[in-house]
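Visitor: Can you read through this structure? Questions will come right after.
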DNA sequence: TCGCTGTGCAA
DNA sequence: TATTGCACAGCGA
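Numbering (my numbering), first residue to last: 5 to 938.
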């Protein structure tokens, strides 16, 4: 039988779903006018409808636990003993949910002496044998033990949305070799909720490790002698408990229930009964959704049903309700904000057309999308809001059915394509990508309020709520009001009905528009309009394309490397325990500090961190290398770092195309640099030989392509040379000299040919130090030399490069006067602490005064280069793509036929991006992977 | 589960 | 007591 025709059975764990639904809304419970908390029934019905609509089950049943004790209580009297009394709201909800289930004509299955999981487990196995595909719907992860090729765990996931786990996913999730090990895992780690003890001190990590080695709880107990230290003791002392825990965690598959295929068939619901229940609970929207014709009793007109037209006098949706005698109780707190605003729900084709026409008559509009995910490449829009003037907002809900949504959006194609309309948004890169996911292209001109504020106050925060409070003196309705606090219980946008979202959504568009009105004049006041319109805004689209393109990752090689690293780590771990005389968590600085400095007493006066713990950082340990354990720890740290942060993490972040798609943050770094997250592609290792292995995993798209890396050589030093006008430094660059050698020759007063590697190293460190605003102390630390020598070095440096010294003084003096510094393109950074009487605070501002213009100018330059390169590339119809930016480096996936062209043109465009007093030099390399391209 | 701390990777 | 970032593990509220 093929999958399509397979019988599809859904088994719901009623109690677990009720609990989850109740607590999901615990911070904003749904209370109806009678004071009844209806969170659980509402959540349950929503889940049920979702399944019936989207999953099309052929068969369905709900299992409830009965309150009677089960066989587990007989096995272990403490079972579930610590469980708090069921909240009253839930006790009330249970019979309601049961009534709803009955009204849906869905069979309820309950069996005294057994829990829902036993019942569901037994049924699922029987169903599997009868050719069913079974989905067990529950948030409870214990069900994972039941999964097989025909049985799936259908789990409301932590992030909202749904997780469907088959055998492969379960093994991946728990990091196990076999499904039956799920019970061993649960037996070992226990379960606080059910008061199953497990082995104290053994968490998921240790449990998995043990199971990998010895397969089962019994296997571990048989081999307890092979374990060491505390772990051995723990297992030994809790043998029986572990076995018992495993038994408790084991779901019974022989519950005496009949699998009656016929009785489980999905049937039409009892409409009359459901309407009655929904009305009783005051589920108005639900009622409309399930039975569109049905008029709710005693209900205010829906906002979308108003007859007023676009434009015209603002008329609040909620205001109308207040005019009705019976309605006042219907007004919720969050409505107060929107009482005088004209926010509308646009929920018909007719109204979409009207709205589109209205928007086309405008010269600017703010828009905002509501979506299912924060990841712009995966997010699906569930609605879009528009505003064209203060206190106005229109919200267009979009179906989760892609085709449907595209149809609705088609009404607005002309609007988005119209290059005469300014599109205003907060973090537009995200919204544009979300629409792109449905093949809707948004054309400029653009105004991004986040980017605008980034140029106005680069080191402040740029989220909309903060901006609104700062510039509009108004606190918008928080997203949490709609979705609940984040965490496990946070709802997903997709689950919220449009009428509950629309005011929030409209407000975002409204606020965004108002912010633009405030921020736009400030941009011109500060002279950063061109930076905004000619640099940051065009860059936005380029970054979006780079993110969308992603970079090919050789996950296989990393997975192989992970095994190698894992073995080396295990080895080091053994040695370290041996040398320390006991087992401990090496990666816990706290525990490590105690071992090294209390137990082993490696030094008399150990350094402490600001919180009073022993400092065990790299440079401290480097000084203690004479102890064998220290070298091993440093090695362990390096290996662990590489494994956890890169080797294991990167493959997990690849999307279905096998590529990693970072997010570039354009409004984070106070200096104007970009930053990169999920993953951060700007800190991929390169220095250590082990780190280099990771770069090798960044590979060209396929054999027809090569990696090409183009990086500015010494940009920041060149910028400093240009800014300071220091003739000897400029000359050195013009002659193409090695700048650090040239510096060393000057500072140490020798011929360049006489500069040795140590002199060059010191000069190099000094050069970097200068850019960062170094002190003698800092330099002495960095070079591990006496402070006096460091001071001499700095003095000599300024003597040889007097203009550099003068430049630095001038920058600081200017900053004291105006309290900001500027880059070449006029990007500002405010330094209000520069006149502080506090030495430390002022010092920080002074270093920023030196560093920010240099680092920021470098950022300006490469951004300009990116724009020029993308502009050129788009005229050439190339297969090659720009895929990464790492501060002074651009990386391209280049088609082999285009390599010569790309190499020459990219180099030329980068070098000519900006004209300064020293030449900009760019080195281009190529190879099969990122390492070779350098 | 969240936020903090210590640590370490990059330019 | 050197600039800008991001992410990990551990740990305690």
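Quick reminder that beta carbons are idealized off the backbone N, C-alpha and C, glycines included. Quick caveat, the model's predicted, so the values are computed rather than measured.
Name, in chain order, the residues that DSSP records as bridge partners for residue 372.
Guide: Residue 372 pairs with 389.
Visitor: Let's test the definition: count the other Cβ atoms within 10 Å of the Cβ of residue 250 and tell me whether it reaches 16, buried, or not, exposed.
Guide: The residue in question, residue 250, is buried, as its Cβ has 16 or more Cβ neighbours within 10 Å.
Visitor: Looking at residue 253 and residue 200, is the spacing between their C-beta atoms short of 8 Å?
Guide: Their beta carbons are under 8 Å apart, which means residue 200 touches residue 253 by this criterion.
Visitor: With a cut-off of 8 Å on the beta carbons, I'd call residue 514 and residue 366 a contact; round off their distance for me.
Guide: At roughly 14 Å, the Cβ-Cβ gap does not stay under 8 Å, so residue 514 and residue 366 are not in contact.
Visitor: Tell me which residue opens and which closes the beta strand (DSSP E) that residue 889 is part of.
Guide: 885-889 is the span of the beta strand (DSSP E), which, as asked, contains residue 889.
Visitor: Using DSSP's beta-bridge definition, name the partner residues of residue 715.
Guide: Beta-bridge pairing links residue 715 to 893 and 927.
Visitor: Among 413, 370, 686 and 732, which residue has its Cα nearest to the Cα of residue 400?
Guide: Taking only the C-alpha atoms, the option nearest residue 400 is 413.
Visitor: For residue 439 and residue 783, I'd like the C-alpha separation in whole angstroms.
Guide: For residue 439 and residue 783, the distance between alpha carbons rounds to 51 Å.
Visitor: Let me check one thing: in DSSP terms, what residues is residue 166 bridge-paired to?
Guide: According to DSSP, residue 166 bridges with 160.
Visitor: Do you know offhand how far residue 475's Cα is from residue 905's?
Guide: For residue 475 and residue 905, the distance between alpha carbons rounds to 48 Å.
Visitor: Which word fits residue 193, buried or exposed, when buried means at least 16 other C-beta atoms lie within 10 angstroms of its C-beta?
Guide: So residue 193 counts as buried.
Visitor: Output the distance between the C-alpha atoms of residue 886 and residue 709, rounded to the nearest integer angstrom.
Guide: Roughly 13 Å separates the two Cα atoms.
Visitor: With burial defined as no fewer than 16 other Cβ atoms inside 10 Å of the residue's Cβ, what is the status of residue 10: buried or exposed?
Guide: Exposed is the call here.
Visitor: Under 8 Å, do residue 402 and residue 419 count as touching if we go by C-beta distance?
Guide: Not closer than 8 Å, so no.
Visitor: Any idea what DSSP makes of residue 543, helix, strand or coil?
Guide: Three-state result, residue 543: helix.
Visitor: Compute the distance between the beta-carbons of residue 368 and residue 428, then report whether it is under 8 Å.
Guide: Contact: yes.
Visitor: Helix, strand or coil: which one does DSSP assign to residue 681?
Guide: Note: residue 681 maps to strand in three-state DSSP.
Visitor: Which of the three DSSP states is assigned to residue 534 in this structure?
Guide: Three-state result, residue 534: helix.
Visitor: Would a C-beta distance cut-off of 8 Å place residue 450 and residue 432 closer than the cut-off?
Guide: Result yes, Cβ atoms of residue 450 and residue 432 sit closer than 8 Å.
Visitor: Can you find the residues in the same chain that come closer than 8 Å, C-beta to C-beta, to residue 771, ignoring five residues on each side of it along the sequence?
Guide: Excluding sequence neighbours, residue 771 sits near 721, 743, 744 and 747.
Visitor: How many Å lie between residue 373 and residue 389 at the Cα?
Guide: Those two C-alpha atoms are separated by around 6 Å.
Visitor: Sort 298, 262 and 269 by Cα distance to residue 278 and report the nearest one.
Guide: Checking every option, the nearest Cα to that of residue 278 belongs to 298.
Visitor: From the DSSP secondary-structure annotation, give me the bridge partner or partners of residue 65.
Guide: For residue 65, which the question treats as bridged, DSSP gives the partners 15.
Visitor: Taking the alpha carbon of residue 536 as the reference point, which residue from 480, 867, 561 and 60 has its own alpha carbon closest?
Guide: Measuring from the Cα of residue 536, the nearest candidate turns out to be 867.
Visitor: For residue 318, which of helix, strand or coil comes out of DSSP?
Guide: Low local confidence applies: a pLDDT of 38 at residue 318 is under 50, so the model's placement there is unreliable, and no value is given.
Visitor: Please name the residue in 501, 753 and 599 whose C-alpha comes closest to that of residue 584.
Guide: Nearest C-alpha to residue 584: 599.
Visitor: Flag this pair as touching only if the stretch 95-112 and the stretch 133-144 have three or more C-beta atom pairs under 8 Å; answer yes or no.
Guide: Short answer: they don't touch.
Visitor: Hey, how far is the Cα of residue 160 from the Cα of residue 481?
Guide: Cα to Cα, the separation comes out at about 26 Å.
Visitor: Take residue 459 and list the residues in its own chain whose beta-carbon comes closer than 8 Å to its own, dropping the five residues that flank it on each side.
Guide: Cβ within range, chain order: 527, 530, 532, 535, 536, 540, 831 and 832.
Visitor: Just checking my contact of residue 101 with residue 22 at CB under 8 Å: how many whole Å lie between their CB atoms?
Guide: That belief holds up - the Cβ atoms of residue 101 and residue 22 are roughly 6 Å apart, short of 8 Å.
Visitor: I need the boundaries of the alpha helix (DSSP H) containing residue 593, first residue and last residue.
Guide: Taken as a continuous stretch (DSSP letters only), the alpha helix (DSSP H) holding residue 593 covers 593-598.
Visitor: Which of the three DSSP states, helix, strand or coil, is assigned to residue 207?
Guide: Correct three-state label for residue 207: coil.
Visitor: Mind checking who residue 933 pairs with in its DSSP beta bridge?
Guide: In DSSP, residue 933 forms a bridge with 703.
Visitor: Helix, strand or coil for residue 826 per DSSP?
Guide: DSSP places residue 826 in strand when its eight states are reduced to three.
Visitor: Please state the DSSP three-state secondary structure of residue 60.
Guide: In the structure shown, residue 60 sits in coil (DSSP, three-state: anything other than H, G, I, E or B).
Visitor: To the nearest angstrom, report how far apart residue 123 and residue 175 are at their CA atoms.
Guide: Taking the straight line from one Cα to the other gives about 24 Å.
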